[in-house]
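Counting from 988, one number per residue, gives the positions in the sequence shown under my numbering. Cβ coordinates follow ideal geometry from the N, Cα and C atoms, glycine included. Take a look at the structure below.
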Amino acid sequence: MRGIGQIYLQRSAWAGACFLLAVVLQAPTLGLACALGALVGTLWGRRCGMVADCEDGLHGYNGALAGIAVLVVLPPGVLAWGLVVLAAGLSTWLAQIWRRTLPLSPYTGPFVLVTWLLMVVAAVMQWPQAAAANSGGTPLAETALVLGTLRGLGQVMFLDQPGAGLLCLLGLALSDRRAGAYGLLSSGGAALFAWGMGLPLDALALGLYGFNAVLVAEALRQALPGRWLVLFGAVLVSVLLTRGFQWLALPSLTAPFVLVTLLARMLTQPASAHLRSGDC
């Protein structure tokens, strides 16, 4: 459960349980893939002797996200479930290599790399694709802002139901009330910024401009306490990067979060601070 909680950078089993429930609400098969991916990653970490990190959930979250991603790309079946295990193990292994060789946290970078690889292989091999989400048309601006704020909280885990977003907000608040407040404000602020820039309302309503902002705000809240201007600017840059990926017709996943957060930390912290390994 802590591994699932660490998707949102929360070392809380209760938060992880809420996040898992949100995934199950969206689709039970996604919930099973999330739990299986977290389990595979955690077992891999324990096998490598990293018991303390496993207890903190640091070897479960990339696997959990990779597991969900497989069933977002492919329909359920023998191939997909086998790839859930493979993708979870590969993303956990990449995260371990990252931690040993690079000074800053991998965050969700390994999940992003493994999922991009999966998408390329699936296209080349012409594997059957999972059904795409239906945006439901272009809503009014006010509706898009509300839906985008709620869905932005859930889209971290590919969830597009507003109720799932509320459960994610509850999980953040159970872990830390400040985390809940930052999550809500960053998702809402990103949606408002995207609307002010005139970005597509259908994408805004799906929460596609908010979920990276949620992760950026929480990561920098923990890593750079009191640096409000840096946090605010990083949230806005995450929206711009997300839009850039859309222009390039590339799936951004959580790459904007990883890029913006690592850049902000490298520019604002002394080199010695980058060597700390306690964060995810």
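Asked	Found
Pull up the distance between the alpha-carbon of residue 1229 and that of residue 1241, whole angstroms please.	9 Å
In whole angstroms, what separates the C-alpha of residue 1219 from that of residue 1168?	14 Å
Under the three-state reduction of DSSP, which class applies to residue 1162: helix, strand or coil?	helix
Please classify residue 999: does DSSP put it in a helix, a strand, or coil?	coil
Could you have a look at residue 1253 and say whether DSSP puts it in helix, strand or coil?	helix
Tell me whether residue 988 sits in a helix, a strand or coil according to DSSP, three-state version.	coil
Alpha carbon to alpha carbon, how far is residue 1045 from residue 989?	8 Å
Is residue 1198 helix, strand or coil when you go by DSSP?	helix
What's the gap between the Cα of residue 1244 and the Cα of residue 995?	11 Å
For residue 1097, which three-state DSSP category applies?	helix
Taking DSSP as the reference, what is the three-state secondary structure of residue 1037?	coil
Residue 1018: which of 1029, 1006 and 1028 sits nearest, CA to CA?	1006
For residue 1232, tell me which candidate among 1212, 1103, 1147 and 1179 has the shortest Cα-Cα distance.	1103
Assuming residue 1151 contacts residue 1012 (C-beta within less than 8 Å), just tell me the rounded distance between them.	5 Å
Can you tell me the Cα-Cα spacing of residue 1158 and residue 1094, whole angstroms?	19 Å
Do the stretch 1059–1079 and the stretch 1131–1143 touch if we need at least three Cβ pairs shorter than 8 Å?	no
Does the Cβ-Cβ distance between residue 1217 and residue 1173 come in under 8 Å?	no
What residue range does the alpha helix (DSSP H) around residue 1233 cover?	1215–1234
Report the three-state DSSP secondary structure of residue 1043 (helix, strand or coil).	coil
Any chance the stretch 1023–1034 sits against the stretch 1054–1068, with 3 or more Cβ pairs inside 8 Å?	yes
Please report the residue range of the alpha helix (DSSP H) in which residue 1083 lies.	1065–1088
Quick check on residue 1184: does DSSP put it in helix, strand or coil?	coil
Classify residue 1002 as buried or exposed, calling it buried when 16 or more other Cβ atoms lie within 10 Å of its own Cβ.	buried
Quick one: what does DSSP say residue 1189 is sitting in, helix, strand or coil?	helix
How would you write the range of the alpha helix (DSSP H) that residue 994 sits in, first residue to last?	Note, residue 994: premise wrong, no alpha helix (DSSP H); not H, not E.
So, helix, strand or coil for residue 1130, using DSSP?	helix
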